[in-house]
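A.B. asks: Residue numbers (our numbering): 24 to 322. Pasting in a structure now, in structure tokens, and then I'll have a few things to ask.
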């Protein structure tokens with residue numbers, strides 16, 4: 024029998040940084056997914072990515088099942104999420120694997136429990152949580168639930184460049200620089216909370232833009248100020264970044280003409296670095312069960 028799990032990607036974070044001496048973030052989900060299918064087999068077992076395989080083993084540990092029994096489970100992943108760009112590709116793989124494994128062993132875990140389990144493997148994103156939240160990526164704990172934003176899309180600027188999240192976190196002055204930004208980040212989280220509560224997307228966008236600019240002293244994004252200026256002229260809500268990645272997002276209303284703005288970005292030659300510029304819907308977070316499976320696209 025086959026078991027499935029699906030988890031959405033993100034386009035970086037609304038806000039990320041130091042709050043009350045700890046690092047927190049608020050990611051948001053988009054309609055791009057990692058799909059996982061697992062099944063028990065005797066031969067031709069696909070091991071799958073190491074982080075996802077470990078996620079399966081961690082589920083077995085939670086329920087005191089012998090790890091050895093997971094060796095006969097074939098793990099297959101289909102994903103369109105770019106890797107190393109700050110779009111939560113491994114977070115999505117891990118989350119979808121956990122849900123599929125839970126189905127196989129007929130057990131349940133809450134989204135919060137899954138987040139904490141995933142953080143054992145690597146720093147994680149808040150995309151497992153159904154509502155936007157303020158979230159600790161290092162232990163998977165939700166500090167505050169904020170709610171959801173509706174009727175929004177994001178124009179994603181994706182460069183070829185990738186960034187290793189753990190490498191940037193392990194730089195010598197990473198935390199010191201984060202602390203320098205904490206007043207701006209405090210204001211950004213406040214604006215984000217108020218903006219989501221009142222469904223004021225302009226306030227949400229302002230929070231994102233402030234956090235994006237604060238992150239420039241940690242990982243500079245090519246042409247960020249130009250992207251912000253061009254976007255302002257089109258009346259967008261704001262600009263966010265993957266704080267530990269390379270993508271940039273422009274938050275827009277779902278009825279806005281994204282094609283015109285994309286053309287303007289290309290006219291400014293921003294596509295010489297951001298080789299792919301495309302639009303996705305912003306959706307609610309949470310891991311889903313997935314019954315659709317394309318057998319020609321297995322990782």
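Don't be surprised by glycine CBs; every beta carbon is placed ideally from N, CA and C. Since the structure is predicted, the reported quantities are computational estimates derived from the model, not experimental observations.
Mapping DSSP to helix, strand and coil, what is residue 261?
C.D. replies: For the purposes of this step, residue 261 is taken as residue 238 along the chain shown, with counting starting at 1. Residue 261 falls in the strand class under three-state DSSP.
A.B. asks: Assign residue 95 to one of three DSSP states: helix, strand, or coil.
C.D. replies: Residue 95 sits at position 72 when you count from the first residue of the chain shown. Three-state result, residue 95: helix.
A.B. asks: When the distance is taken between beta carbons, is residue 56 closer than 7 Å to residue 123?
C.D. replies: In the chain shown, the residue the question calls residue 123 occupies position 100. In the chain shown, the residue the question calls residue 56 occupies position 33. Result no, Cβ atoms of residue 123 and residue 56 do not sit closer than 7 Å.
A.B. asks: Output the boundary residues of the beta strand (DSSP E) element that contains residue 82.
C.D. replies: Against the chain shown, residue 82 aligns to sequence position 59. Counting along the chain, residue 82 falls outside any beta strand (DSSP E), though it belongs to the alpha helix (DSSP H) covering 73-85.
A.B. asks: Out of 28, 108, 217, point me to the one whose CA is closest to residue 119's CA.
C.D. replies: Here residue 119 refers to the residue found at position 96 of the chain shown. When each option's Cα is compared against that of residue 119, the closest is 28.
A.B. asks: Short of 8 Å in beta carbon distance, which residues of its chain neighbour residue 144, apart from the five on each side in sequence? Order them along the chain.
C.D. replies: Taking the first residue of the chain shown as position 1, residue 144 is located at position 121. Spatial neighbours of residue 144 in its own chain (CB-CB distance under 8 Å, excluding positions within 5 residues in sequence) are listed in chain order as 74, 77, 78, 81, 117.
A.B. asks: What residue from 199, 177, 230 has the CA that sits closest to residue 300's CA?
C.D. replies: If you number the chain shown from 1, residue 300 lands on position 277. The candidate whose alpha carbon is nearest that of residue 300 is 177.
A.B. asks: Should residue 36 be labelled buried (16 or more other beta-carbon atoms within 10 Å of its own) or exposed?
C.D. replies: For the purposes of this step, residue 36 is taken as the residue at position 13 of the chain shown. Result: buried.
A.B. asks: Measure the C-alpha to C-alpha separation of residue 136 and residue 285 and round it to an integer number of angstroms.
C.D. replies: As a working mapping, residue 136 is identified with position 113 in the chain shown. As a working mapping, residue 285 is identified with position 262 in the chain shown. Their Cα atoms are separated by approximately 39 Å.
A.B. asks: To the nearest angstrom, report how far apart residue 142 and residue 50 are at their CA atoms.
C.D. replies: Position 119 of the chain shown, counting from 1, holds the residue named residue 142. Position 27 of the chain shown, counting from 1, holds the residue named residue 50. Distance between the alpha carbons of residue 142 and residue 50: 15 Å.
A.B. asks: What residues are listed by DSSP as bridge partners for residue 101?
C.D. replies: Counting from 1 along the chain shown, the entry for residue 101 is found at position 78. Answer by DSSP bridge pairing, in chain order: 58.
A.B. asks: Beta carbon of residue 264, beta carbon of residue 244: below 7 Å?
C.D. replies: Here the question's residue 264 lines up with position 241 in the chain shown. Here the question's residue 244 lines up with position 221 in the chain shown. Cβ atoms of residue 264 and residue 244: closer than 7 Å.
A.B. asks: What is the residue span of the alpha helix (DSSP H) that residue 303 lies within?
C.D. replies: As a first step, residue 303 must be located in the chain shown, where it is residue number 280. Boundaries around residue 303 are those of the beta strand (DSSP E), 299-306, since no alpha helix (DSSP H) includes it.
A.B. asks: Take the Cβ of residue 298 as the centre, count every other Cβ of all protein chains shown within 10 Å, and call the residue buried at 16 or more, exposed below.
C.D. replies: Locating residue 298 in the chain shown gives position 275, counting from the first residue. Its Cβ having fewer than 16 others within 10 Å, residue 298 is exposed.
A.B. asks: Could you compute how far the alpha carbon of residue 246 sits from the alpha carbon of residue 85?
C.D. replies: One-based indexing of the chain shown puts residue 246 at position 223. One-based indexing of the chain shown puts residue 85 at position 62. A direct Cα-to-Cα measurement between residue 246 and residue 85 gives close to 46 Å.
A.B. asks: Taking 8 Å as the cut-off, does the region 272-287 touch the region 194-208 (at least 3 CB pairs, one atom from each stretch)?
C.D. replies: no
A.B. asks: Between 241, 89, 236, which has its C-alpha nearest residue 252's C-alpha?
C.D. replies: Position 229 of the chain shown, counted from the first residue, corresponds to residue 252. Ranking the options by Cα distance to residue 252, first place goes to 236.
A.B. asks: Does the beta-carbon distance from residue 61 to residue 96 come in below 7 Å?
C.D. replies: Position 38 of the chain shown, counted from the first residue, corresponds to residue 61. Position 73 of the chain shown, counted from the first residue, corresponds to residue 96. Against a cut-off of 7 Å, the Cβ pair of residue 96 and residue 61 comes out as a contact.
A.B. asks: Alpha carbon to alpha carbon, how far is residue 156 from residue 88?
C.D. replies: Along the chain shown, read from residue 1 onward, the residue named residue 156 stands at position 133. Along the chain shown, read from residue 1 onward, the residue named residue 88 stands at position 65. Using only the alpha carbons, I get a separation of about 32 Å.
A.B. asks: Can you check which of these residues, 272, 224, 232, 92, is closest to residue 65 by C-alpha distance?
C.D. replies: Here residue 65 refers to the residue found at position 42 when the chain shown is read from its first residue. Ranking the options by Cα distance to residue 65, first place goes to 92.
A.B. asks: Considering only DSSP beta bridges, list what residue 231 is partnered with.
C.D. replies: On the chain shown, position 208 is the one that residue 231 refers to. Answer is none; residue 231 lacks a bridge partner.
A.B. asks: Reducing DSSP to helix, strand and coil, say where residue 212 ends up.
C.D. replies: Locating residue 212 in the chain shown gives position 189, counting from the first residue. Three-state result, residue 212: helix.
A.B. asks: Would you mind stating whether residue 110 and residue 33 have Cβ atoms separated by less than 7 Å?
C.D. replies: Position 87 of the chain shown, counted from the start, is the residue given in the question as residue 110. Position 10 of the chain shown, counted from the start, is the residue given in the question as residue 33. Yes, the pair counts as a contact, with Cβ atoms nearer than the cut-off.
A.B. asks: According to DSSP, residue 45 sits in a beta bridge with which residue or residues?
C.D. replies: As a position in the chain shown, residue 45 is number 22, starting the count at 1. In the DSSP output, where bridge partners are listed per residue, residue 45 has 42.
A.B. asks: Looking at the structure shown, is residue 175 part of a helix, part of a strand, or coil, going by DSSP?
C.D. replies: Taking the chain shown and counting its residues from 1, one reaches residue 175 at position 152. Three-state result, residue 175: strand.
A.B. asks: Once you ignore the five residues that flank residue 240 on each side, which residues in its own chain have a CB closer than 6 Å to its CB?
C.D. replies: Locating residue 240 in the chain shown gives position 217, where the first residue counts as 1. The residues are 200.
A.B. asks: Of all the options 130, 146, 170, 175, which has the alpha carbon lying nearest to the alpha carbon of residue 159?
C.D. replies: Residue numbering aside, residue 159 sits at position 136 when the chain shown is read from its first letter. Comparing Cα-Cα distances from residue 159 to each of 130, 146, 170, 175, the minimum goes to 146.
A.B. asks: With distances taken Cα to Cα, identify the nearest neighbour of residue 275 among 255, 126, 208.
C.D. replies: As a position in the chain shown, residue 275 is number 252, starting the count at 1. The candidate whose alpha carbon is nearest that of residue 275 is 255.
A.B. asks: Could you check whether residue 232 and residue 107 sit closer than 7 Å to each other, using their CB atoms as the reference points?
C.D. replies: As a first step, residue 107 must be located in the chain shown, where it is residue number 84. As a first step, residue 232 must be located in the chain shown, where it is residue number 209. It is not a contact, given that the beta carbons lie outside the stated cut-off.
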